[in-house]
Structures are given as structure tokens and as C-alpha cells.
Amino acid sequence: MPAYNPSPEQESIYNLLPAYQAPTPKQALYRSKHKGKVDPRQYEMGVKRVQPAATFGHPYGMNSISPEQFLKSHAQEPFLPERKHPAVANYISTLAHKPTTEKMRLKAAVPLKSEVPTMGLHSKKNFVTANAIETILAKPKQLPEDFRWTLKPEFGEVPQYLVKNKQQIAEEKARVEEHLRLRQQQEHDAHVTQMSEQERQQLLGDLKTKWATVNTAYQKLPFSLDTPAKMKRKETFERQLTEIEKDVRLLEHGSTVLVLQD
Numbered sequence: 028m029p030a031y032n033p034s035p036e037q038e039s040i041y042n043l044l045p046a047y048q049a050p051t052p053k054q055a056l057y058r059s060k061h062k063g064k065v066d067p068r069q070y071e072m073g074v075k076r077v078q079p080a081a082t083f084g085h086p087y088g089m090n091s092i093s094p095e096q097f098l099k100s101h102a103q104e105p106f107l108p109e110r111k112h113p114a115v116a117n118y119i120s121t122l123a124h125k126p127t128t129e130k131m132r133l134k135a136a137v138p139l140k141s142e143v144p145t146m147g148l149h150s151k152k153n154f155v156t157a158n159a160i161e162t163i164l165a166k167p168k169q170l171p172e173d174f175r176w177t178l179k180p181e182f183g184e185v186p187q188y189l190v191k192n193k194q195q196i197a198e199e200k201a202r203v204e205e206h207l208r209l210r211q212q213q214e215h216d217a218h219v220t221q222m223s224e225q226e227r228q229q230l231l232g233d234l235k236t237k238w239a240t241v242n243t244a245y246q247k248l249p250f251s252l253d254t255p256a257k258m259k260r261k262e263t264f265e266r267q268l269t270e271i272e273k274d275v276r277l278l279e280h281g282s283t284v285l286v287l288q289d
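Structure (C-alpha cells):
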């Protein structure tokens, strides 16, 4: 029975199945015709003088470390200079280590190997009896006497440093007071002006005119002060008259008048 192959124009359930695709043939692996292990020195690449390992690095197998090349003991220690003649070396060391001044020895020198100490010495001294005799014959320790501070010659006097400090404080206080006084005097003089004679006469005339006006109003008050308003008005006139008379006497007292400005 032949396989059913519907056309795309016809509606069929077989159209939902994916179409068969033939597999693409795999190409063969590419292999160069040149050798992979080459010496870079064979290729100058436009450079006339090619230095070693200047293009592609070291030749194949040259980067590996030989197992015989390892860090050995004492390989990085500095080398000492060649030893000179013993006499010359001894002379140089003497000059280099000879001190300018001899150091005083605080302790005795270490004995030499040939200096053998004296051995086998014994003492017949009884240290217990000797210590007891020394303790019995020793004088008792004398305690210091109680010192009386009241018997000192300078007892009760003020120490010199306190006198000096007090004097310095008094001098500083006096300087500050003098500075404040001068400052206040300068400020006072700056706000004080002298009144001219013409202004004094004009002010004196105005005060007398005002006194006459207030006195006229005062004389017109009734004799009966039966209400508080009348009594208060009478006291106000009397106070104004008293102040004006005081100012007039002050201006007539002398020709020099100083005015303090606020």
C-alpha cells in the first residue's frame, strides 16, 4: 500500500508532522600542511636582525625548567671578599676597632685559663656566735626627734611667692581700672558739647516765657479744690514751675554750659 502523501493545499492531520530533513555531511578535520613544531628563528617576518625569542617566544621545549636547576642551600648568601695577608688584615682591623678613649672597666676581667684559683681554703669562724656578739654590742637605733615647726624663724610669715603674686594682681587690677577710666572719660568727652552764648540766652528767654505761661494758668485756678482733677492740675502746675525755676537758676549761674548728648 503506497504511503499517503497529501499535498499542502489539502487539509490533513499529516501536515502537522515535521518534514524529514536529510543530515548534513560532516567535513573532514582541517590539517595544515606545515609542521606545528617549528623554530621561530627560521621566519624573519620583515626583520633583518631577529633577536632570540623576539617573535614567537622560545623554541619548542625551551620553556620547561630542567630538574637539575633548583635553589640550593647557601646559594643566595653574599660572598666574602678574598682574605688578604694576615699582617695587613690584622693592621686594618686594629685601625677600625681601636677606640678613641679607653673605657673604664666596671667589673674585673675574666680570669685566664692559666690562672687557677686557690682551692681548699677553710675558715674556723663561728658565724652564729659572731652575729650574736655584733647584735649585743650594737647601739640601739635612735629615732628622730619631733620637729617643732613653730620654732622655725619664718613661722607665721607670709611666703614670698604669695606676696609677689598679690603685688602682681594689684598692679594688673590698677592697670585695668586706669584703662576703664580713660575709656569712660573719652566716651564722655565725645558726647559732651559746649553751648554757645547765643543759644544760652535764647534758651533762658524761652524758659522764662514758659514760666510766665504756666504761672498765668496756675493763677487762674479756683480757690476751692473740691474735685481730684483740680487738685491734680494744681500739683502739675506747681511741679512745672519748680523745674523751670531750677533750670533758669542753672543757666544764670555761669556762662559755660555743657550739653550731654544721648
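Taking the numbering used here, the leading residue of the sequence shown gets 28, the next gets one more, and so forth. C-beta atoms are modelled at their ideal positions from N, C-alpha and C, and glycine is treated no differently.
Rounded to a whole number of angstroms, what is the C-alpha to C-alpha distance between residue i and residue j?
i: E181; j: E198; result: 26 Å
i: Q212; j: F174; result: 59 Å
i: T269; j: H280; result: 17 Å
i: N153; j: A159; result: 10 Å
i: K191; j: E205; result: 21 Å
i: G232; j: M222; result: 15 Å
i: E38; j: S59; result: 54 Å
i: N42; j: G63; result: 53 Å
i: K257; j: F264; result: 11 Å
i: M28; j: P50; result: The predicted position of M28 is uncertain, since its pLDDT is 45 and thus under 50; a value taken from the coordinates is nonetheless stated next. Approximately 27 Å, taken between the alpha carbons.
i: A157; j: H149; result: 17 Å
i: Y87; j: S93; result: 14 Å
i: A136; j: K130; result: 13 Å
i: Q169; j: V155; result: 26 Å
i: K99; j: M89; result: 22 Å
i: T161; j: L133; result: According to the sequence displayed, residue 161 carries Glu and not Thr. Roughly 32 Å separates the two Cα atoms.
i: P144; j: Q103; result: 48 Å
i: L56; j: G84; result: 28 Å
i: E172; j: A165; result: 21 Å
i: E184; j: Q194; result: 16 Å
i: G147; j: H101; result: 52 Å
i: K53; j: Y47; result: 18 Å
i: T254; j: A239; result: 26 Å
i: S251; j: T243; result: 18 Å
i: A201; j: Q228; result: 44 Å
i: E95; j: H61; result: 34 Å
i: P167; j: Q187; result: 42 Å
i: L139; j: F97; result: 49 Å
i: E214; j: L178; result: 58 Å
Tell me where the alpha helix (DSSP H) around residue i begins and ends.
i: G147; result: Neither: G147 is in no alpha helix (DSSP H) and is coded neither H nor E.
i: W176; result: Neither: W176 is in no alpha helix (DSSP H) and is coded neither H nor E.
i: N242; result: 224-246
i: L278; result: 255-280
i: L252; result: It is not in any alpha helix (DSSP H) - L252 carries neither H nor E in the DSSP assignment.
i: L164; result: 154-164
For residue i versus residue j, is the C-beta spacing smaller than 9 Å?
i: E224; j: S282; result: yes
i: L248; j: R260; result: yes
i: I271; j: V241; result: yes
i: L278; j: L230; result: yes
i: V275; j: L234; result: yes
Given residue i, which residues of its chain have a CB within under 7 Å of its CB, disregarding the five upstream and five downstream residues?
i: V203; result: none
i: K237; result: I271
i: T128; result: none
Between residue i and the rest of its own chain, which residues show a CB-CB distance below 8 Å, the 5 nearest in sequence each way excluded?
i: W176; result: F182
i: P45; result: none
i: Y245; result: K261, F264, E265, L268
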